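Protein chains in written order, with the working numbering: chain Z, 79 to 273; chain F, 5 to 621. Beta carbons are placed, not taken as given, at the ideal position from N, Cα and C, and that holds for glycine. The structure displayed is predicted, hence computed values, not measured ones. One structure is given here, and the rest of the page talks about it.
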């Protein structure tokens, strides 16, 4: 191999390497869906509902504090309000049509965990972890996107940060921002998630 | 070397390294493969899109991700155990025993635990078949009704062959369907039959029934080859009673003692306090000797001269001593003992019935006619059916779940006989050996998809409710029969109206039928408050003849005796394609997958055991 070829090769490697470091989000391991923002069958805006209109997350995702899954609301939940509010909007008409045709709405799953992890929403929600801790600022999103890679590292780093919990007047747990040495919550035992 | 086929494409280059004939070196070739593979792998690196499909209108009692439990009845065998089915997101995923069900009282056998596998079985038929080709229900109904009408007009024989059907409403539907024809009959067939117990009680008590064995009330149980903890009649119920009676506590005077006489080591024998090995040829003499000793000691002599004067000829000295000791113990536990026999010989069962009578067990540990519909096959009906089919007089045969071509002792003869029937309809959910001979297959639902009821023990009405919408284009067999007899109702409606006329009328606690129905479905069982009729008296008619036949039985010297036994898991073989049941090791042989042939060491057959493969598909 001549020296010129070697020089060109080294420059190429440097450029490609720098690009990979700079644009690392573009090149990532299989299964890392950070920023995944699929188009949904109905153009639903979390910003409008949860942000502007201040509707609580649990109003629609009603099983988040009771079940392992947060639950995508049934179409009837939408129609609780939308039978009165904007019933003629083309997006609402899609829901009306789905109910009339008895055809369930197929939402595209944004946040997903592999089946080898047993994640339980209610365990986290009732411990006072806000939805935004994992799902990001959903109330600002027009279209929902994945804001956390949901890798094991993400879970474990949070589980390792033991924080003090105090109860507020309503009896809800409040989590201090400072890290304490006291092991009050979140085990990092394998079987906590992999069972 | 060069003459090898692959060598003729390869040359050597100037360095003596192999090169393909078109000049591509081995290294270049591998590089090309590598790049291609990497390129394919990279382009396929997208996580597949997944859908979340919520309800349109979510039932208020359901929550995604949280399991609900529904009470139902097991459809595995005819014991009619109560189930609690765990349903998550609309799918049954696990069954447990219903603790409030009087049959199994919370227990379940391996067959029931593996029930969900039958539901998701890929071999299930997904639509009706006509002549082996997929058809529609309208088309199948049209064909069947047309042919059945012609048979009804001509007065030809119609036979419906099934396993034990414990549901009173289902039996009514079957009888109503058969009443359209001049000569129609429902034949109940069980491959591992207990018909002899029923026939013996017809002789001794005038009631053709399997009595209720109350092991929990006994202080001593003597079993002659009955594997009542493993496979016999209602093993889960017996296991529950047995473990209850074996419980040691301070209040109990004595715990249940268990003596087992048997040839092969069964799970029941392994649990016995005393286990006596006798060969199958010795069993009849052991029963007669026991009858003689018990009747002599309890003053019940005179019922049969053969029994009173019986002297064993073939029974070994060891067995004789064991029988004598067993008789002593039985006399000591009079009225609180129980003698059962696993044989399907009517004479043996009659002699056993006499022993229980001499011990005063009827009305105490055995109840008649708290008869049940568990395993109520009639062997002679099956033999008559084969003969009728052979002579070509059966015009239509409808088969439901029964698979005699596979599990009858002369299966190929049954197959030939079925071949002579002009109209063969199968209602079985899978295309088994018998169903595959049918002209039309009209598959029924799995029991976890069905509405049904069961009365396994008289007065115990157990309900079956669907825990999932039917997965395939199947139809409940009751509905098929109702269509063919001109009834357009759903079976659910028929069930409700039968319950309104039947169980609802037997109680006075709930005034409105809807409330009663909801409660029965919720509980999974309704126990009728109607008291059992009085116990019929024991008759010794024909006992002497039976005993004489038993005493005269002999086996020629040097012949081999085979004992066919059902395995605890796959039973008579009908569960042979259930993976869970295959993977559970047999409690005694520790063998999984298939059934073992066990040899007595002295019999001279080489090799210790052999596997019998599962049901061929």
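Could you tell me which residues DSSP pairs with residue 86 of chain F in its beta bridges?
-> Mapped onto the second chain, residue 86 of chain F falls at position 82. Residue 86 of chain F pairs with F:77.
To the nearest angstrom, how far is it from the Cα of residue 31 of chain F to the Cα of residue 438 of chain F?
-> Position 27 of the second chain, counted from the first residue, corresponds to residue 31 of chain F. Position 434 of the second chain, counted from the first residue, corresponds to residue 438 of chain F. Taking the straight line from one Cα to the other gives about 60 Å.
At 7 Å on the CB atoms, spell out the chain Z contacts of residue 56 of chain F, in chain order.
-> Here residue 56 of chain F refers to the residue found at position 52 of the second chain. Those within 7 Å of residue 56 of chain F in chain Z are 150, 185 and 187.
Expressed to the nearest angstrom, what Euclidean distance is found between the alpha-carbon atoms of residue 56 of chain F and residue 202 of chain Z?
-> Numbered from 1 along the second chain, position 52 holds the residue referred to as residue 56 of chain F. Numbered from 1 along the first chain, position 124 holds the residue referred to as residue 202 of chain Z. Computed Cα separation, rounded: 21 Å.
Whose Cβ in chain Z lies nearer than 8 Å to the Cβ of residue 189 of chain F?
-> Taking the first residue of the second chain as 1, we reach residue 189 of chain F at position 185. Under the 8 Å cutoff, chain Z gives no residues; its nearest Cβ is about 44 Å from residue 189 of chain F.
Spell out whether any CB of chain Z is found under 7 Å from the CB atom of residue 504 of chain F.
-> As a first step, residue 504 of chain F is located in the second chain; it is residue number 500 there, counting from the start. Not closer than 7 Å to any Cβ of chain Z, the Cβ of residue 504 of chain F fails to qualify, so no.
Per-residue DSSP class, three states only, for residue 219 of chain Z | Stepping through the first chain from its first residue, residue 219 of chain Z is reached at position 141. Residue 219 of chain Z: coil per DSSP, three-state reduction.
DSSP-derived helix/strand/coil call for residue 345 of chain F = Position 341 of the second chain, counted from the first residue, corresponds to residue 345 of chain F. It is a strand residue.
Member of F:233, F:397, F:467 and F:493 whose CA lies at the smallest distance from the CA of residue 424 of chain F | To locate residue 424 of chain F, count along the second chain from 1; it is residue 420. That would be F:397, whose Cα lies nearest to the Cα of residue 424 of chain F.
Short Cβ contact (7 Å threshold) for residue 625 of chain F with residue 349 of chain F = Here chain F has residues from 5 to 621 only, and residue 625 of chain F is not among them.
Can you pull the DSSP bridge partners for residue 266 of chain F?
-> Locating residue 266 of chain F in the second chain gives position 262, counting from the first residue. Answer is F:281, bridged to residue 266 of chain F.
Neighbour flag for residue 585 of chain F against chain Z, beta carbons, 7 Å = Translated into the one-based positions of the second chain, residue 585 of chain F becomes position 581. Residue 585 of chain F does not count as touching chain Z.
Amino acids of chain A, ordered along the chain, whose beta-carbon sits closer than 7 Å to that of residue 60 of chain F = Protein chains Z and F are contained in the structure displayed, whereas chain A is not.
Residue 101 of chain F by DSSP, collapsed to three states: which one?
-> To locate residue 101 of chain F, count along the second chain from 1; it is residue 97. In the structure shown, residue 101 of chain F sits in a strand (DSSP, three-state: E or B).
Cutoff 7 Å: residue 618 of chain F Cβ touching any chain Z Cβ = The count along the second chain starts at 1 and reaches residue 618 of chain F at position 614. Only weak support is given to the placement of residue 618 of chain F: the predicted model assigns it a pLDDT of 40, under 50, and the question is left unresolved by the model.
Of the residues F:243, F:179 and F:175, which one's Cα is nearest the Cα of residue 110 of chain F?
-> Along the second chain, one-based indexing puts residue 110 of chain F at 106. When F:243, F:179 and F:175 are compared, the shortest CA-CA separation from residue 110 of chain F is found for F:243.
With 9 Å as the C-beta to C-beta threshold (strictly closer), list the residues of the stretch 122-150 of chain Z near chain F in chain order.
-> 140, 141, 144, 145, 146, 147, 148, 149 and 150
Less than 6 Å between the CB of residue 557 of chain F and some heavy atom of the ligand MG, yes or no?
-> The ligand MG is absent from the structure shown, which contains no ligands of any kind.
Could you pull out every residue in the same chain whose Cβ sits closer than 6 Å to the Cβ of residue 96 of chain F, ignoring the five residues on either side in sequence?
-> Position 92 of the second chain, counting from 1, holds the residue named residue 96 of chain F. Cβ neighbours of residue 96 of chain F beyond the five flanking positions: 89, 120, 452, 471 and 472.
Nearest candidate by alpha-carbon position, reference residue 450 of chain F, set F:124, F:17 and F:173 | The residue given as residue 450 of chain F occupies position 446 in the second chain. Cα-wise, what sits closest to residue 450 of chain F is F:124.
Nearest residue (CA-CA) to residue 230 of chain Z, options Z:200, Z:132, Z:204 and Z:192 = As a working mapping, residue 230 of chain Z is identified with position 152 in the first chain. It is Z:192.
Sequence-distant residues of its chain with Cβ nearer than 7 Å to residue 170 of chain Z (five each side left out) | Along the first chain, read from residue 1 onward, the residue named residue 170 of chain Z stands at position 92. The residues are 160 and 164.
Looking only at DSSP bridge pairs, what is residue 217 of chain F linked to?
-> The count along the second chain starts at 1 and reaches residue 217 of chain F at position 213. Residue 217 of chain F is bridged to F:370.
Neighbouring residues, chain F, relative to residue 190 of chain Z (Cβ below 7 Å) = Here residue 190 of chain Z is taken as the residue at index 112 of the first chain, counted from 1. Per Cβ cutoff of 7 Å: 54.
Coil, strand or helix - residue 466 of chain F by DSSP = Within the second chain, residue 466 of chain F is the residue found at index 462, counting from 1. The answer is strand: DSSP assigns residue 466 of chain F an E or B state.
Kindly list, in the order they appear in chain Z, the residues whose Cβ is closer than 7 Å to that of residue 68 of chain F.
-> The count along the second chain starts at 1 and reaches residue 68 of chain F at position 64. Taking the beta carbon of residue 68 of chain F as reference, the chain Z residues within 7 Å of it are 141, 145, 147 and 149, listed in sequence order.
Where does the unbroken beta strand (DSSP E) through residue 14 of chain F begin, and where does it stop?
-> Looking up residue 14 of chain F in the second chain gives position 10. Residues 14-16.
Which of helix, strand or coil DSSP assigns to residue 615 of chain F = By one-based count along the second chain, residue 615 of chain F stands at place 611. Confidence in residue 615 of chain F is poor, its pLDDT being 46 and thus under 50, which makes the residue's placement unreliable; the coordinate value appears in the next sentence. Three-state DSSP puts residue 615 of chain F in a strand.
Could you tell me which chain F residues have their CB closer than 7 Å to the CB of residue 116 of chain Z, listed as they occur along the chain?
-> Numbered from 1 along the first chain, position 38 holds the residue referred to as residue 116 of chain Z. Going along chain F in sequence order, the residues near residue 116 of chain Z (Cβ under 7 Å) are 53.
So does the stretch 355-365 of chain F actually touch the stretch 62-71 of chain F, counting three or more Cβ pairs closer than 8 Å?
-> The stretch 355-365 of chain F and the stretch 62-71 of chain F do not touch, with fewer than 3 CB-CB distances between them shorter than 8 Å.
First and last residue of the alpha helix (DSSP H) that includes residue 165 of chain Z?
-> Stepping through the first chain from its first residue, residue 165 of chain Z is reached at position 87. From DSSP, residue 165 of chain Z is part of no alpha helix (DSSP H); its letter is neither H nor E.
Segment contact, 8 Å Cβ cut-off, at least three pairs: the stretch 584-591 of chain F with the stretch 389-405 of chain F | no
Residue range of the unbroken beta strand (DSSP E) whose run includes residue 207 of chain F | For the purposes of this step, residue 207 of chain F is identified with residue 203 of the second chain, where counting begins at 1. No beta strand (DSSP E) holds residue 207 of chain F; the alpha helix (DSSP H) holding it covers 199-209.
Same chain, Cβ closer than 7 Å to residue 224 of chain Z, neighbours up to 5 away in sequence not counted = Taking the first chain and counting its residues from 1, one reaches residue 224 of chain Z at position 146. Within the same chain, residue 224 of chain Z has close Cβ partners 111, 112, 113, 114, 188 and 189.
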